[in-house]
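Following: one structure in structure tokens, then a few remarks.
Residue numbers (my numbering): 3 to 189.
If you want it as structure tokens, here you go:
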């Protein structure tokens with residue numbers, strides 16, 4: 003956590019880049035909560051899409067995929083065979099739940115994508131940024147609580163990041179508070 007402009011997001015993005023380019027064992031996943039997400043369904047769908055997009059790009063060792071913005075069905079086709087079974091299940095669940103009216107099931111399916119991947123043997127490291135956006139509304143706070151609950155109940159390592167005055171309500175987590183970093187410190 004840190005004040006606005008302290009470099010928390012940049013630190014996470016650098017960690018993501020290092021994990022993406024310098025090793026092949028752990029899938030890095032960066033997701034930023036956004037005040038433009040108006041509904042839980044939209045946040046969840048964006049979460050699932052970003053997770054599959056970043057996973058496929060990482061597994062194929064092709065960062066250019068991140069700029070294509072392929073849809074979820076295309077991502078399933080691009081997935082490496084070792085991940086195909088669990089990615090196909092997520093895509094099928096997404097199509098089935100997306101067509102239905104049960105928002106809670108849809109949201110749960112999307113927000114547990116990284117846990118489902120881990121259950122299939124994929125090693126994932128999750129970075130959730132802009133958590134302070136959860137303070138904007140009760141609905142966003144509920145989405146953030148769901149994300150925390152998913153991770154608390156899994157073996158998937160994760161980082162929650164946001165502004166320092168935001169209450170993460172994570173009694174067991176370690177805290178790292180960043181102050182304004184000089185250019186040399188940020189580097």
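We put the CB at the ideal spot given by N, CA and C, even for glycine.
Close Cβ partners of residue i (< 7 angstroms) along its chain, the five nearest in sequence each way excluded
| i | result |
| --- | --- |
| residue 47 | 112 |
| residue 58 | 67, 77, 80 and 81 |
| residue 90 | 78 |
| residue 152 | 113, 114 and 117 |
| residue 135 | 35, 36, 37 and 142 |
| residue 95 | 111 |
| residue 18 | 30, 32 and 129 |
heavy atom of the ligand ZN below 7 angstroms from residue i C-beta
| i | result |
| --- | --- |
| residue 95 | Absence of the ligand ZN is noted for the structure shown, with no ligands found whatsoever. |
Per DSSP, the bridge partner or partners of residue i
| i | result |
| --- | --- |
| residue 161 | 129 |
| residue 32 | 129 |
Expected contact under 8 angstroms - CB spacing of residue i and residue j to nearest Å
| i | j | result |
| --- | --- | --- |
| residue 53 | residue 115 | 5 angstroms |
| residue 43 | residue 105 | 5 angstroms |
| residue 156 | residue 120 | 7 angstroms |
| residue 28 | residue 154 | At roughly 20 angstroms, the Cβ-Cβ gap does not stay under 8 angstroms, so residue 28 and residue 154 are not in contact. |
| residue 164 | residue 133 | 4 angstroms |
| residue 161 | residue 14 | 7 angstroms |
Beta-carbon contacts of residue i that lie in its chain and below 6 angstroms, excluding the five residues immediately before and after
| i | result |
| --- | --- |
| residue 123 | none |
| residue 56 | 31 |
| residue 39 | 45 |
| residue 109 | 42 and 46 |
**OP:** Mind listing, in chain order, the continuous alpha helix (DSSP H) runs of no fewer than 4 residues lying wholly within the segment 43-89?
**Re:** If we require 4 residues or more, the alpha helix (DSSP H) runs fully inside the segment 43-89 come out as 67-70 and 74-80.
Original post:
Between the segment 24-34 and the segment 115-131, do at least 3 Cβ pairs fall closer than 8 angstroms?
Top reply: With contact defined as three or more Cβ pairs closer than 8 angstroms, the segment 24-34 and the segment 115-131 are in contact.
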